[in-house]
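J.:
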Amino acid sequence: MTTVHLRNYRQAPRKVRLLAGLVRGKGVDKARSLLAFSGKRAWLPIDKLLQSAVAAAKENGVSSNTKELYIEKMTVDKGFTYKRMRPRAFGRGAPIHKETSHISLTLAKTSPTKKETPRRETEVGAEKK
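Using our numbering, read the sequence shown as starting at -7 and increasing by one per residue.
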């Protein structure tokens, strides 16, 4: 299991969470293709973070094959907020809040999947009424 972080990414967490939900639980290759065609601005930093996690997994000896890795956990938390003022009418000022995000991504090696046993049907002659 390998965890990497991206701190203070300058986009609101609400927007980044859309992509996090899209790739959570997916394999690395599938997640990268989903990110590339998502059409969202946050896809590039998340893709770079995913590449960094794969490199860290290889370095830590978790797995050298990307086909064996999947995104076990991905969280997007609120970072600090830049506070600015915007001039408004009659000499007033209005606050502007520029939000940042903290992104954490955990990769894990896929465990062998259990084969599902086929469901047994009820007796052939008995039908539900």
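In this text, a Cβ means the ideal position worked out from N, Cα and C, and glycines have one as well.
Bear in mind that the values here come from a model prediction, so they are computed numbers and not experimental data.
So, at 6 Å on beta carbons, what are the nonlocal neighbours of R91 in its own chain, with the 5 sequence-adjacent residues on each side left out?
T.: One point to set straight first is that residue 91 is Glu, not Arg, in the sequence displayed. The residues are A4 and T73.
J.: Tell me whether S96 sits in a helix, a strand or coil according to DSSP, three-state version.
T.: strand
J.: Under 8 Å by Cβ, that's how I've got R24 and L(-2) pegged, so tell me the actual separation to the nearest angstrom.
T.: No, R24 and L(-2) are not in contact; Cβ-Cβ is about 16 Å, not under 8 Å.
J.: Quick test of your reading: K63 and K18, contact by CB under 8 Å. State the CB separation rounded to the nearest angstrom.
T.: The question names Lys, but residue 63 in the sequence shown is Ile. Going by Cβ atoms, the distance from I63 to K18 rounds to 6 Å, so yes, they are a contact pair.
J.: Which residue comes first and which comes last in the beta strand (DSSP E) that contains N0?
T.: T(-6) to Y1
J.: By the three-class DSSP mapping on this structure, what secondary structure does V68 have?
T.: strand
J.: Grouping DSSP H, G and I as helix and E and B as strand, with all else coil, what is G17?
T.: coil
J.: Leaving out five residues on either side along the sequence, give the residues of the same chain with a beta carbon under 6 Å from the beta carbon of M66.
T.: For M66, the CB contacts under 6 Å within the same chain, skipping 5 residues up- and downstream, are A12, R16 and L97 in chain order.
J.: Per DSSP, what kind of secondary structure is A34 in: helix, strand or coil?
T.: coil
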